[in-house]
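Q:
Numbering (the numbering used here), first residue to last: 18 to 984.
1. CB of residue 946 to nearest heavy atom of the ligand FAD: below 6 Å?
2. Are residue 189 and residue 235 touching if we call contact CB-CB under 7 Å?
3. Does the distance from the C-beta atom of residue 327 to that of residue 319 stay below 7 Å?
4. Which residue wins for smallest C-alpha separation from residue 415, given the options 792, 665 and 966?
5. Express the C-alpha separation of residue 582 and residue 531 in angstroms, rounding to a whole number.
6. What do you reckon, are the CB atoms on residue 247 and residue 199 nearer than 7 Å?
7. For the beta strand (DSSP E) holding residue 695, just list the boundary residues, first then last.
8. Just the C-alpha distance for residue 265 and residue 977, rounded to the nearest angstrom, thanks.
9. Tell me whether the beta-carbon of residue 862 lies closer than 7 Å to the beta-carbon of residue 900.
10. Our contact map puts residue 676 next to residue 161 with C-beta atoms below 8 Å; I'd like the distance itself, whole angstroms only.
11. If you drop the 5 nearest sequence neighbours on each side, which residues of the same chain put their C-beta closer than 6 Å to that of residue 754?
12. So the candidates are 365, 980, 874 and 762; which of them puts its Cα closest to the Cα of residue 136?
13. Residue 869 to residue 226, Cα distance in whole Å?
14. For the stretch 724-736 against the stretch 837-849, are there 3 or more C-beta pairs whose distance is under 8 Å?
15. Pull up the distance between the alpha-carbon of residue 27 and that of residue 88, whole angstroms please.
16. How big is the Cα-Cα spacing for residue 471 and residue 463?
17. Tell me which residue opens and which closes the alpha helix (DSSP H) that residue 818 is part of.
18. Have a look at residue 875 and residue 744 and give me their C-alpha separation to the nearest angstrom.
19. DSSP has residue 967 in a bridge; who is on the other side?
20. Going by beta carbon distance, what residues of the same chain come within less than 6 Å of residue 764, once the five residues before and after it are set aside?
21. Where do the ends of the beta strand (DSSP E) carrying residue 717 lie?
22. What does the alpha-carbon distance come out to for the pair residue 107 and residue 98?
23. Given this structure, state the Cα-to-Cα distance separating residue 46 from residue 982, to the nearest angstrom.
24. Could you give the first and the last residue of the continuous beta strand (DSSP E) run that contains residue 708?
25. Pairs of beta-carbons, one from the stretch 214-221 and one from the stretch 140-148, closer than 8 Å: are there three or more?
26. Pull up the distance between the alpha-carbon of residue 374 and that of residue 331, whole angstroms please.
27. If the criterion is Cβ atoms closer than 7 Å, does the pair residue 273 and residue 262 meet it?
28. Taking the Cβ atom as the reference point for each residue, do residue 536 and residue 452 lie within a distance shorter than 7 Å?
29. Could you tell me the boundaries of the alpha helix (DSSP H) in which residue 974 lies?
30. For residue 925, count neighbouring C-beta atoms within 10 Å of its own C-beta (all shown protein chains included) and say buried if the count is 16 or more, exposed if not.
31. Nearest by alpha-carbon distance to residue 860: which of 649, 927 and 750 is it?
32. Taking three-plus beta-carbon pairs below 8 Å as touching, is the stretch 206-213 in contact with the stretch 393-410?
33. To which residues of the same chain is residue 672 closer than 6 Å at the C-beta, ignoring the five residues directly before and after it?
34. Pairs of beta-carbons, one from the stretch 475-485 and one from the stretch 339-353, closer than 8 Å: are there three or more?
35. Residue ranges of each alpha helix (DSSP H) run of no fewer than 4 residues wholly in the stretch 541-611, ordered along the chain?
36. Nearest to residue 972 by alpha carbon, out of 756, 962 and 966?
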């Protein structure tokens with residue numbers, strides 16, 4: 018009897034154990050019935066991930082039936098009832114509806130994109146995989162309201178809502194919470210220092226002012242690139258891409274692009290990943306020979322020899338300060354007085370002649386280690402580093418640069434949990450062998466004269482004119498004669514490709530600017546720490562309440578080649594604190610958001626940035642959201658704008674922060690005979706003189722109105738924006754929706770930073786009595802009479818008169834021209850609207866359309882010298898059409914965009930950019946058995962080359978084929 022009872026007990030325990038712990042197997046597929054890798058299967062506290070073949074196995078605790086959950090980021094969650102042991106589970110995960118996708122950047126908390134309090138654009142994994150562009154980063158231009166500026170191959174600057182050139186310091190770009198701005202530039206180098214193609218998870222872009230949460234420089238918007246976690250995305254992935262670029266100037270050239278990602282989850286507590294990518298391609302070479310005016314940089318009519326003082330946009334060394342006076346040459350070297358004068362510019366060198374090579378190269382490497390002590394997301398520690406290096410061209414504010422062997426590196430340590438994060442990171446860069454093309458051309462031009470008669474190009478030019486039989490009474494009558502004279506003078510100079518040219522070129526580009534060369538030294542860095550705490554769980558979810566702050570220290574180091582730090586180091590500290598409260602009311606239909614942030618930079622007054630937003634959900638399913646917001650933003654002047662001090666030509670570029678002005682002393686004391694008495698006169702220009710004792714250059718040398726400069730020390734820019742929006746989706750069939758997103762904005766801008774051309778005498782004062790009429794007694798004073806009096810007003814005194822009309826003891830100029838970085842007095846308003854529609858047609862074809870309108874107005878308070886660098890087309894239309902499963906394993910996608918003409922304004926060049934239509938397309942084929950996807954495609958398939966801005970290389974066509982394994 019006892020034996021039977023024991024048998025029954027054992028049997029019962031086994032039965033209980035069997036029903037209390039059951040192993041279930043299954044397979045997860047995507048919409049195209051391909052194995053779904055890394056889906057998460059959850060049952061109570063147990064979880065598992067699907068493998069490369071989509072297979073999973075999970076243990077269920079408790080009695081059946083039970084429900085398991087299958088989920089993956091960017092896809093709709095599925096629930097499956099498990100009713101019996103041995104039941105086979107097959108699950109298909111579908112992509113999230115567009116408006117159900119989750120974003121974080123808008124409020125710093127997860128929320129459906131439809132519920133965002135402000136306009137937001139998202140580029141997810143599905144968008145990344147089907148993009149027609151050469152990379153996911155290039156594909157961002159398909160989004161509504163997003164613009165890109167491609168300065169060279171691989172260097173693409175993303176922006177929203179206008180007012181940016183390639184030095185895009187009004188837009189912040191982040192990778193996993195780290196600002197990717199280069200320490201010296203204060204703006205991001207696009208994706209050259211960003212994310213591996215295989216590691217990107219999604220991109221979120223907030224167009225418009227975002228300083229209330231993200232602080233300084235989130236003026237035009239912010240972009241957050243989020244990478245894949247090694248806990249969720251494991252395995253080895255590779256990408257091989259090749260093809261060729263086609264440009265009229267550079268020809269057809271092969272390019273190579275390789276990427277690899279290795280991620281491994283060692284346990285539920287520890288995971289790590291490593292990323293590597295490298296590309297090499299021919300540059301989009303620049304050869305814009307348009308003529309530009311030296312004082313305004315405005316493109317105007319003209320070609321070489323017509324006018325004689327021609328200054329080509331991409332010709333270097335032909336600037337006006339190297340021009341020759343025909344009459345001066347005749348008097349000095351031949352003792353003759355010619356009847357007609359002409360200013361003749363030197364020939365200069367084409368950009369291609371000044372490049373070490375015409376290749377763009379980029380290597381990126383990153384690694385991170387992730388530790389979860391409690392085996393879940395409640396607490397995670399992350400140690401990460403990333404670096405980038407390579408070669409490319411950069412169009413800066415006032416010149417173009419050849420960046421060679423540059424380096425950017427970042428290291429981060431972060432601790433994050435369910436309701437907080439604290440991160441600190443360090444960013445450093447090295448300019449390598451980078452050099453300034455303008456200065457290189459000018460120095461080569463100067464050294465080229467060594468072979469000319471008496472070392473003077475102008476002498477041989479005059480001889481050439483005479484040899485060709487020029488009519489000296491009508492110098493410019495015969496362009497063939499002018500060209501012949503130029504060729505004769507050039508025949509004695511350094512010729513590109515010759516041994517002498519190469520020797521001088523290498524010497525110039527390897528010597529620092531401060532030592533007489535064109536090389537840039539830059540080993541700048543900054544340190545950053547920021548944190549955020551969400552108090553929601555402590556107040557029983559009454560509202561979402563956050564508090565955060567940040568601190569950053571800049572340590573620029575250019576040895577005087579960029580900043581005014583040749584003799585004294587620079588350190589700049591900035592900090593900010595913020596708070597936000599978000600509350601839902603009326604059955605969660607009404608959502609109120611209020612934020613405020615305070616930021617302080619050591620060189621400027623503190624700045625408050627408030628934001629208020631209201632959302633209201635209409636409809637039974639709350640899928641029709643209207644929103645309104647008031648947002649603010651500001652931008653601290655970049656470190657360059659604060660501490661700039663260099664002289665690429667006859668003008669000195671100067672940043673006007675008080676800290677920089679206090680470092681400036683130009684010139685020396687001069688002894689003059691004053692009323693018969695030798696007197697030592699102060700001949701040093703100080704920072705105070707630049708601000709308080711200067712005239713607007715054009716009013717001195719062009720229209721003779723003699724306007725005193727009233728511009729002050731630089732301060733931050735500010736913007737306030739009112740925005741309205743509507744986002745919704747409508748069912749058009751039982752299985753299909755149409756998504757719609759509409760928004761409009763109006764912005765008020767103050768204190769735009771710009772370059773103003775001024776001239777400052779080394780001696781004397783301008784307007785010493787102000788802008789008033791002199792008294793009779795003053796007019797009788799001999800010393801006052803020796804000054805420059807216009808309409809009874811003393812424009813400048815006798816010493817300044819001497820400075821404007823004489824040279825110094827060593828033949829130096831006694832006046833100095835400056836390009837000062839200051840704030841405009843003009844008020845600028847911008848406004849715009851956009852609409853986007855997306856749906857499926859013919860059951861499985863994706864269709865997307867969007868249109869954007871944006872424009873600006875401004876009231877000129879700067880005597881016509883300020884023009885906003887809006888640099889954005891007024892109208893933009895974009896369309897997308899594709900099917901990722903046209904037939905088994907085969908898909909395609911087509912993107913088209915039309916951009917209206919627009920005006921480009923920058924200190925380097927001003928001019929108009931033509932409208933353009935760009936068509937990109939790709940075909941893809943998947944082979945699940947080898948976990949591979951092949952793609953063939955091209956960009957700018959219509960073949961018409963276009964410029965993004967004057968002075969940049971024409972963008973041609975690119976054709977590629979790629980092979981992705983295990984993405």
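We put the beta carbon where it would ideally sit given N, CA and C, even for glycine.
A: With the structure as the only source:
1. Absence of the ligand FAD from the depicted structure is noted, as is the absence of any ligand whatsoever, leaving it without description.
2. yes
3. yes
4. 665
5. 11 Å
6. no
7. 694-698
8. 18 Å
9. yes
10. In fact, because the Cβ distance is near 41 Å, the residues do not count as touching under 8 Å.
11. 746 and 748
12. 762
13. 18 Å
14. yes
15. In this prediction, residue 27 has a pLDDT of 49, which is less than 50 and means its spatial position is unreliable; what the coordinates show is noted afterwards. Cα-Cα distance, rounded: 39 Å.
16. 13 Å
17. 815-822
18. 31 Å
19. DSSP lists no partner for residue 967.
20. 736, 738 and 847
21. Not the beta strand (DSSP E): residue 717 falls in the alpha helix (DSSP H), residues 714-718.
22. 12 Å
23. 17 Å
24. Per DSSP, residue 708 belongs to no beta strand (DSSP E); it is in the alpha helix (DSSP H), 704-709.
25. yes
26. 16 Å
27. no
28. yes
29. Segment 974-982 is the beta strand (DSSP E) holding residue 974; no alpha helix (DSSP H) there.
30. buried
31. 750
32. yes
33. 658, 659, 660, 661 and 838
34. yes
35. none
36. 962
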